[in-house]
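In this note's numbering, the protein residues as written are -10 to 300.
Note that beta-carbon positions come from the ideal geometry of N, C-alpha and C, so glycine has one too.
The model shown is predicted, which means the values in this text are computed figures rather than measured ones.
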């Protein structure tokens, strides 16, 4: 395994020192030869409530200094299994969503042109749409989508604006970027603005696993109901799928959510033939005074990397 892509040693440089990259991994050019690219998307121009998710990539990089590489449950050392590098941040235009979408799609397309997998840290959930557009062009098929969230994100235009962080999933289905038959939403809970908020998911027969579904029996029994995903699959992880007790630093917190342990178990139980990419969104550092939300993002990133190693 190429030593060039190992994390910086905590014995040579204590974890509070050194330049902050994801998991203390080296910074690399997109064209370099490695397996998984990590990058930030510092944009939150699509939020409807609390802004600030543009600062999440910096926070997650800082806190990932605490990350380690060996997964106890899986028995896998992810940094031995995969060559992983930080490729920096995608360029954005904070006052222009159209230009930002174009930049994200182009940037992700460059990553995909080298046949790498990737994990991005947003940014608000509107940034997932241009990522999926790039993936659809690469794989020439509608993707499977696993969507962790408190919200459906299939909502209509807001204030006359079609593209916002609560509408990415609707556009992804309408544009044929994802297959609604293999779209799984996990962690959904109320309240909703109206019963009509369910019209889109009911029309397209999207599978929803609410927190009630997860907690109605044992967690082990719930995990047995998860399907096997064949073909190119993307995971989008909105940190507000977690209860605000575990993730207060987010733009639209909703009580009654998942615990960090439950999301760990769910991620470990997923059976995915080809996990081509993932993102973590809606971490808002300004509302995360103890940094537990950022740490949850780091832990999710680690679980996603281990899923990629397995698939």
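- Apart from the 5 residues on each side of it in sequence, residue 99 sits with its Cβ closer than 8 Å to the Cβ of 19 in its chain, given in chain order.
- Checking the DSSP bridge columns, you'll see residue 198 partnered with 175.
- Secondary-structure assignment with DSSP links residue 60 through a beta bridge to 65.
- Check the Cα spacing between residue 46 and each of 172, 66 and 108: the tightest is with 108.
- For residue 173, the closest of 146, 8 and 140 by C-alpha to C-alpha distance is 140.
- Closest in alpha carbon position to residue 269, among 191, 293, -7 and 13, is 293.
- At a cut-off of 3 residues, the continuous stretches assigned as beta strand (DSSP E) that sit fully inside the region 208 to 253 are 217 to 227.
- With a threshold of 16 other beta carbon atoms within 10 Å, residue 210 falls short and is exposed.
- Note: residue 82 is not bridge-paired with any residue in the DSSP secondary-structure output.
- Sequence-distant Cβ neighbours of residue 124 in its own chain, meaning closer than 8 Å and more than five residues away, are 97, 101, 132, 166, 221, 223, 265 and 266.
- About 3 Å separates the beta carbons of residue 282 and residue 238, which is inside the 8 Å limit, making them a contact pair.
- In terms of Cα proximity to residue 170, the closest of 190, 13 and 182 is 190.
- Around the beta carbon of residue 110, 16 or more other beta carbons sit within 10 angstroms, so the residue counts as buried.
- In this structure, the alpha-carbon of residue 177 lies about 42 Å from that of residue 0.
- In this chain, residue 260 is not harboured by any alpha helix (DSSP H); it is covered by the beta strand (DSSP E) spanning 260 to 270.
- In the three-state reduction of the DSSP assignment, residue 113 falls in the coil class.
- For residue 88, the number of other beta carbons within 10 angstroms of its own is below 16, and it is reported as exposed.
- Secondary structure at residue 186: helix, using DSSP grouped into helix, strand and coil.
- Following the DSSP letters along the chain, one finds residue 161 in no beta strand (DSSP E) but inside the alpha helix (DSSP H) bounded by residues 157 to 163.
- Residue 225 is a Cβ neighbour of residue 134, given a cutoff of 9 Å.
- Just so you know, the alpha carbons of residue 23 and residue 15 end up roughly 11 Å apart.
- Taking the CA atoms as reference points, residue 288 sits about 14 Å from residue 13.
- With at least 16 other beta carbons inside 10 angstroms of its own, residue 10 counts as buried.
- Judged by beta-carbon spacing, residue 232 lies within the 9 Å limit of residue 244, meaning their Cβ atoms are closer than that value.
- Of the candidates 175, 181 and 256, 175 places its Cα closest to the Cα of residue 195.
- By the neighbour-count definition (other C-beta atoms within 10 Å, threshold 16), residue 143 is a buried residue.
- Here the alpha carbons of residue 300 and residue 219 stand approximately 10 Å from one another.
- Proximity of the region 30 to 49 to the region 113 to 122 meets the contact definition, three or more beta-carbon pairs being nearer than 8 Å.
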